[in-house]
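Novice: There's a structure below that I have some questions on.
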Amino acid sequence: KLVSFAAPQVGKENYVKIMDRLESTKALIHIRVTNCDDLVPQLNGVIGYEHFGLHLNLYKNRHALSYDQGGMSRPWFWNALNRHSMTTHNARLILAKSDLEKYDIDTVCAKIKGEN
């Protein structure tokens, strides 16, 4: 199992296909944690890089789990460093903690991928 925080997009289409295949066989489980509108996770998208894995998107007062690898809703360049900080990630994880503790990662991955 791999958990990444605020990571930029790391691979092109073939790389992502390989990672998706590894996840489908449970050889790898990747949870990608980002803050809503953090600029850094979007930086490499313009050159064809993509994300993979289960996306835990942290908002100020809520969170969302998905395999959606879409881009940001709007570019928040002026506040990107604050949204990229581990302090902001930690504060938002604390807010989501009681809800997130209810999840078993294998069940969540299967449910989001439509296996249940």
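Just add 192 to wherever you are in the sequence shown, counting from 1, and you've got this note's numbering. Note that CB positions come from ideal geometry on N, CA and C, so glycine has one too.
Can you tell me which of the three DSSP states T217 falls into?
Specialist: Numbered from 1 along the sequence shown, position 25 holds the residue referred to as residue 217. Coil.
Novice: From I223 to I239, what does the alpha carbon distance come to, in whole angstroms?
Specialist: Taking the sequence shown and counting its residues from 1, the one referred to as residue 223 is at position 31. Taking the sequence shown and counting its residues from 1, the one referred to as residue 239 is at position 47. If you take the alpha carbons of I223 and I239, they lie about 23 Å apart.
Novice: Let's test the definition: count the other Cβ atoms within 10 Å of the Cβ of N249 and tell me whether it reaches 16, buried, or not, exposed.
Specialist: Taking the first residue of the sequence shown as position 1, residue 249 is located at position 57. That one is buried.
Novice: Can you give the Cα-Cα distance for L246 and K252, rounded to whole angstroms?
Specialist: Here residue 246 refers to the residue found at position 54 when the sequence shown is read from its first residue. Here residue 252 refers to the residue found at position 60 when the sequence shown is read from its first residue. If I take the Cα positions, the gap works out to 19 Å.
Novice: Based on the DSSP secondary-structure assignment, which residues constitute the bridge partners of F178?
Specialist: An answer regarding residue 178 cannot be provided, because it is not within the stretch 193 to 308 covered by the chain.
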